Each structure stands twice: as C-alpha cells, then as structure tokens.
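Number 214 in the UniProt record's numbering belongs to position 214 of the sequence shown; there are no gaps in the numbering.
Below is one structure, written out as structure tokens; comments come after it.
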Amino acid sequence: MGNRESSTKEEDGKPKENDQPRLYRHVDIHGGGDLISFMWLAKNSNDFSQINELIDSKIKNFMYNSGKGKMVAVSELVKIRNKERNAMLSALKRKKGKGKSGPNILDDFNQEGENQGDLKKALKLLEGGGRRGDMDSKYREVVWKLDERGNMGENLVGLCLLQGTAIHNHLARHLIKLYPKLVNDIFISENYYGLSPLHQAIINEDPAMVSFLLQQGANINQRCYGASFCPDDQKSSRTDSLEHEYVELSLKTCYSGFGFIIILQKCQNFPSLSG
C-alpha cells in the first residue's frame with residue numbers, strides 16, 4: 001500500500017469518455033488537473049493566494065452553502081444508493097428500498113446562513129438528543145453537492161486521498177483547512193457508501209494524515225456501508241430500508257474457522273476470551 005495509493009480501486013472511478021464529472025477537471029485520476037498545478041506553485045513559492053482564489057471562484061460552488069453543508073434526509077441518500085445498486089443488478093434481483101421515509105421536514109427550512117446551526121440542534125432534539133447515535137439518525141450533514149460527485153461518490157478530498165501522493169495529500173489538507181466540514185464528508189455510492197477521509201488515511205497507512213484528520217475533528221465512529229466492505233456472498237442480496245442508513249445483512253452464517261477462536265482463547269493477551 002504505502003502513502004501513494006489506496007486499496008480502493010481507482011479504476012472504479014474512471015470517467016466515461018463523454019460523461020466526466022466536473023470535479024475531474026480540477027483533480028483527475030491520472031495525477032493532473034488545474035488544482036494540482038496550482039498546488040505545486042503554492043508549495044514551491046509558499047504563496048497560496050492563487051490557489052485560494054481558484055478554490056473560492058470555482059470549487060466553493062461544488063459545495064452546499066459555500067462549504068457549510070446542509071442536512072439531508074437519510075432516506076434520500078439511501079434512495080441514491082439503492083438506485084445505483086439496482087442499475088448494476090439483473091432485473092430479477094432488483095429490490096426497492098423498503099420501509100417508509102416519512103415526511104421530510106427539511107423541505108420547510110431554509111438552510112442558508114446562520115439557520116443551519118439551529119436546525120441541527122432542533123433535529124437532535126427530535127431524535128432524542130442523540131442517544132440513539134449516528135447509526136439511527138434520520139438526517140446526515142452533507143457538504144459536497146450530491147450531483148457534483150465523482151463516479152465513486154467521492155468529493156475532492158476523497159479524490160485526492162485515492163491518489164495518496166504527497167502533492168495530493170497537501171491539497172487535501174489545504175481544502176480541509178479552508179472548509180473544515182469536509183473532514184467528515186463521506187463517499188455516497190453503492191460500493192463505497194460511508195468511506196471517510198479518516199478511513200482512506202488508514203487504508204493508505206499514512207499516520208501523519210490520520211493525526212491531521214483527528215486534530216481536525218474526524219468522526220472515529222463513522223461506519224462504511226458500501227458493497228465493497230461486505231462479504232462477496234452478500235453483495236447481491238443487500239437490501240435497504242428508508243428508515244435507517246445501514247444496510248441489513250443476513251444473520252445466517254456458515255463459519256468453520258473455530259480453530260482461530262481456540263487459539264485466541266489460549267492466548268494470554270486475551271484473558272477475557274479464556275474459559
């Protein structure tokens with residue numbers, strides 16, 4: 001692995017010839033893009049005025065509320081994931097998301113400006129003060145616009161960390177410093193749903209990036225629900241519920257590796273497993 005590449009397959013994000021997501025103009029999957037050129041200039045001259053101007057004039061518009069993000073109903077995100085999955089499966093295996101999404105109270109709120117903080121507090125109270133945790137939350141804060149993401153559901157930070165080179169990592173840090181909420185903006189797609197910058201830094205075996213992200217407030221409890229993180233024999237049978245974000249998997253297993261459990265039981269480093 002190392003710091004130069006992620007084990008997440010970059011070829012999955014390869015844009016189609018005539019249908020290339022707009023963010024690939026600024027950072028592409030081949031190490032190019034205008035932001036990379038400007039990042040080299042900024043790094044060598046220690047003058048970030050030009051790249052900051054480019055980000056402010058072009059990149060800021062890729063985000064909701066100029067980088068402040070907005071709350072989105074989980075049911076809407078699940079529908080995106082479900083639609084993408086069904087497009088990959090045969091007609092016989094396609095399944096709609098079950099359950100009821102209920103009314104989307106966000107439709108009646110203006111999330112621009114200072115109203116967003118009050119809205120987040122209100123939603124937390126409506127959901128029981130956060131006692132159920134993020135896994136059962138009906139709403140998620142999204143920063144990068146859903147219709148401006150790459151082919152893997154990634155934002156610009158995620159795209160940089162997929163490449164994992166020194167200059168891409170430098171740009172990722174710079175973007176997060178300018179727009180702090182990007183630190184917890186996840187991939188939104190069937191294969192990689194839930195993948196966060198912190199996950200990518202760990203995959204890349206980059207402790208310096210992990211440390212930076214934690215200092216910037218990365219959520220250590222973020223979970224991945226994408227098909228790439230599921231067992232191969234459950235990928236085609238995944239089902240969604242509009243009532244929660246996680247993917248329901250079959251509880252039936254056929255595990256024959258009991259020898260590993262016996263080894264752990266005998267290991268002195270795991271006294272809780274003995275007996």
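Just so you know, even glycine gets a beta-carbon here, dropped at the ideal spot from N, CA and C.
Bear in mind the structure is a predicted one, so any value in this text is a computation, not a measurement.
Since I believe residue j is in contact with residue i (beta carbons under 8 Å), could you give me their beta-carbon distance rounded to a whole number of angstroms?
| i | j | result |
| --- | --- | --- |
| Gln200 | Leu161 | 4 Å |
| Gly164 | Tyr24 | Contact doesn't hold; Cβ gap of about 17 Å is too wide. |
| Leu195 | Leu213 | That pair is no contact at about 13 Å. |
If we ignore side chains and look at the alpha-carbon of each, how far apart do residue i and residue j end up?
| i | j | result |
| --- | --- | --- |
| Met63 | Gln265 | 50 Å |
| Val27 | His168 | 9 Å |
| Leu159 | Gly259 | 40 Å |
| Gly226 | Val183 | 19 Å |
| Asp34 | Tyr246 | 37 Å |
| Leu89 | Ser45 | 50 Å |
| Ser241 | Gln234 | 16 Å |
| Lys68 | Trp144 | 9 Å |
| Gln222 | Arg140 | 12 Å |
| Ile232 | Gly31 | One point to set straight first is that residue 232 is Asp, not Ile, in the sequence displayed. Answer to the nearest angstrom: the Cα atoms are 31 Å apart. |
| Thr239 | Ser37 | 43 Å |
| Glu190 | Lys138 | 19 Å |
| Ala87 | Asn219 | 31 Å |
| Gln20 | Arg85 | 20 Å |
| Leu106 | Val210 | Low confidence applies here, because Leu106 scores a pLDDT of 48, under 50, leaving its location unreliable and the question unanswered by this model. |
Skipping 5 residues on each side, what residues in its chain have a beta carbon closer than 8 Å to that of residue i?
| i | result |
| --- | --- |
| Pro180 | Gln216 and Gly217 |
| Met39 | Ile51, Ile167, His170, Leu171 and His174 |
| Leu178 | Asn52, Ile55 and Gly67 |
Beta-carbon separation of residue i and residue j under 8 Å?
| i | j | result |
| --- | --- | --- |
| Ile202 | Leu146 | no |
| Cys224 | Leu249 | no |
| Glu148 | Arg22 | yes |
| His244 | Val74 | yes |
| Val157 | Ile176 | yes |
| Lys70 | Val142 | yes |
Give me, in chain order, the residues of the same chain whose beta-carbon lies closer than 7 Å to that of residue i; leave out the 5 immediate sequence neighbours on both sides.
| i | result |
| --- | --- |
| Ser66 | Lys60 |
| Tyr192 | Thr8, Met152, Gly153, Gly226 and Ser228 |
| Ala208 | none |
| Ile262 | none |
Answer yes or no: does any C-beta atom of chain C fall closer than 8 Å to that of residue i?
| i | result |
| --- | --- |
| Val157 | This model lacks chain C altogether, as it is built from one protein chain only. |
Once you ignore the five residues that flank residue i on each side, which residues in its own chain have a CB closer than 6 Å to its CB?
| i | result |
| --- | --- |
| Ala42 | Phe48 and Ile51 |
Contact between the segment 42 to 53 and the segment 74 to 84 is defined here as three or more beta-carbon pairs at a separation below 8 Å; is this criterion met? No contact exists between the segment 42 to 53 and the segment 74 to 84.
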